[in-house]
Amino acid sequence: MLHLTPRRTLDLEAPAAPGRPSHVTASIGLVRSGDWLYTVADEPLHLAAFPLSRASPGHGVVLFANHQPEAPVSLKSSQPDLEVPCLLAPQGSSPHGSLLMLPSGISAGRQRGALVALGADGTLAGDARAVDVTALYTQISREFGPLRIAGAAMSGGLMRLLQRGSGEPGTDALVDLDAERVLRGLEAGALGPDVVRMTRRWELGQAGGMRLSFTAASPLPGGRMVFTATAGSTGPTATVSGSVVGVLAPDGSPQFLDALEGHVTVTGVDARVEQGRVRLLLAALSEDGAGPANLLEATLDVPA
106 MLHLTPRRTL DLEAPAAPGR PSHVTASIGL VRSGDWLYTV ADEPLHLAAF
156 PLSRASPGHG VVLFANHQPE APVSLKSSQP DLEVPCLLAP QGSSPHGSLL
206 MLPSGISAGR QRGALVALGA DGTLAGDARA VDVTALYTQI SREFGPLRIA
256 GAAMSGGLMR LLQRGSGEPG TDALVDLDAE RVLRGLEAGA LGPDVVRMTR
306 RWELGQAGGM RLSFTAASPL PGGRMVFTAT AGSTGPTATV SGSVVGVLAP
356 DGSPQFLDAL EGHVTVTGVD ARVEQGRVRL LLAALSEDGA GPANLLEATL
406 DVPA
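To convert a position in the sequence shown, counted from 1, into the numbering used here, add 105.
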């Protein structure tokens with residue numbers, strides 16, 4: 106069982122809108138760029154950015170100028186469903202890499218992603234560009250039914266998506282996309298079914314009598330990937346019996362799986378090889394689901 110060390114709470118320097126808390130409650134996904142950590146924040150924000158080397162509060166980020174944080178809930182159907190962050194390597198017009206935000210696929214009418222370049226210091230640089238993933242998600246849903254994409258990572262010539270099969274009879278799955286075709290599609294502003302290389306259904310087992318389902322992903326060198334999974338719901342009123350961390354080999358087969366101590370709801374992971382060890386930063390909901398989300402740290406006992 107992996108020991109977790111608290112790192113910080115995900116407090117914001119100011120509320121996203123009047124009446125909102127000055128912290129991130131429903132943190133989803135975790136991406137590290139330079140000295141900055143990015144996580145998907147509660148509505149009405151798209152992202153929250155936190156400095157890694159200091160404990161000062163983070164700030165909210167709205168990626169599309171026409172999206173107003175104070176917009177009423179009735180307009181939610183027209184807002185982007187950005188839930189899955191993925192770090193992309195430097196290329197072309199993004200010499201310092203870029204951040205891709207994919208929708209979960211839950212809402213059929215909200216299948217627009219976002220791509221934004223990163224600066225040399227890891228900050229967001231420039232405006233976000235929209236990416237239409239409707240055709241891609243339609244193809245995937247034909248095989249798995251209702252979608253809930255929970256994680257994405259570029260790894261060894263592939264972009265790997267994790268489908269979270271929440272509830273019964275949900276289907277957890279690994280979806281491999283061709284990285285070169287994905288990058289070409291992003292330049293054109295749309296991803297279609299031609300980027301799909303392979304799909305694979307998963308049975309992750311149980312924790313505390315509840316079904317484990319994917320929650321997040323992060324790449325490792327050599328084509329491997331770290332994933333997290335939680336048994337139970339990941340919403341604010343979640344009943345969670347446990348979470349696990351695993352490692353997939355380049356061919357998608359499992360190499361490692363271990364439980365996390367306690368009953369944490371892990372919703373994001375960043376994996377790095379540091380001093381010959383795999384070190385993790387983990388985003389987790391507060392125990393009551395209403396307080397600030399937490400940033401935790403752990404070390405995997407696997408070859409780096």
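Just so it is clear, CB atoms sit at the ideal spot from N, CA and C, and this is done for glycine as well. Please read all numbers here as calculations on a predicted model, not as lab measurements.
Please report the distance separating the alpha-carbon of residue i from that of residue j.
i, j, result
"Pro298", "Arg306", "18 Å"
"Pro123", "Val167", "16 Å"
"Leu353", "Gly134", "18 Å"
"Leu400", "Leu142", "10 Å"
"Pro71", "His201", "Any question about residue 71 goes unanswered here, given that the chain covers just 106 to 409."
"Asp356", "Ala119", "44 Å"
"Gln216", "Arg253", "12 Å"
"Ala153", "Gly214", "24 Å"
"Val378", "Ala322", "15 Å"
"Ser318", "Leu309", "7 Å"
"Phe169", "Gly313", "41 Å"
"Pro324", "Ala240", "25 Å"
"Phe361", "Arg113", "27 Å"
"Gln380", "Thr404", "11 Å"
"Asp393", "Glu285", "42 Å"
"Met259", "Ser391", "29 Å"
"Gln268", "Arg289", "23 Å"
"Gly294", "Asp237", "6 Å"
"Glu148", "Gly165", "11 Å"
"Ala146", "Val345", "21 Å"
"Asp283", "Ile245", "14 Å"
"Ala364", "Ser212", "31 Å"
"Leu387", "Tyr242", "27 Å"
"Pro126", "Leu296", "36 Å"
"Glu292", "Ala233", "12 Å"
"Arg382", "Ala255", "26 Å"
"Pro177", "Gln311", "No answer about Pro177 holds up, because its pLDDT of 49 lies below 50 and its placement is not dependable."
"Gly270", "Gly197", "36 Å"
"Thr144", "Val300", "26 Å"
"Gly224", "Val287", "22 Å"
"Ser358", "Pro111", "30 Å"
To the nearest whole angstrom, what separates the beta carbons of residue i and residue j, a pair I think is in contact under 8 Å?
i, j, result
"Ala222", "Ser199", "4 Å"
"Ala336", "Gly347", "5 Å"
"Leu263", "Ala257", "Going by Cβ atoms, the distance from Leu263 to Ala257 rounds to 11 Å, so no, they are not a contact pair."
"Leu150", "Ala131", "Going by Cβ atoms, the distance from Leu150 to Ala131 rounds to 10 Å, so no, they are not a contact pair."
"Ala278", "Thr304", "6 Å"
Taking the Cβ atom as the reference point for each residue, do residue i and residue j lie within a distance shorter than 8 Å?
i, j, result
"Val407", "Ala389", "no"
"Leu204", "Phe155", "no"
"Asp186", "Ser209", "yes"
"Asp281", "Arg302", "yes"
"Glu402", "Met106", "no"
"Val129", "Ala398", "yes"
"Gly163", "Leu117", "yes"
"Gly250", "Thr228", "no"
"Gly218", "Gly328", "no"
"Val369", "Leu207", "no"
Out of the options, which has the shortest C-alpha to C-alpha gap to residue i?
i, options, result
"Met315", "Thr304, His128 and Val349", "Val349"
"Pro326", "Leu288, Arg384 and Asp363", "Arg384"
"Asp226", "Gln360, Arg112 and Leu157", "Leu157"
"Val374", "Arg137, Val129, Pro111 and Ala121", "Arg137"
"Ala230", "Ala293, Leu220 and Gly290", "Leu220"
"Pro190", "Ala293, Thr320 and Ala364", "Thr320"
"Ala376", "Val331, Val300, Leu291 and Arg125", "Val331"
"Asp411", "Gly197, Arg159, Arg125 and Pro126", "Nothing can be reported for residue 411, as the shown portion of the chain is limited to 106 through 409."
- Secondary structure, beta strand (DSSP E): runs of 3+ residues fully inside the stretch 262–296: Listed in chain order, they are 263–268 and 277–283.
- Message: List, from N- to C-terminal side, the alpha helix (DSSP H) runs of 4 residues or more that fit wholly inside the stretch 119–151.
- Response: Fully contained in the stretch 119–151 is no alpha helix (DSSP H) run of length 4 or more.
- Item | Whole beta strand (DSSP E) elements within the stretch 201–265, 3-residue minimum | 203–208, 217–223, 229–237 and 254–260
- Item | 3-residue-minimum beta strand (DSSP E) runs that sit fully inside the stretch 317–394, ordered along the chain | With a minimum length of 3 residues, the unbroken runs of beta strand (DSSP E) contained wholly in the stretch 317–394 fall at 330–337, 345–353, 359–364, 371–379 and 382–389.
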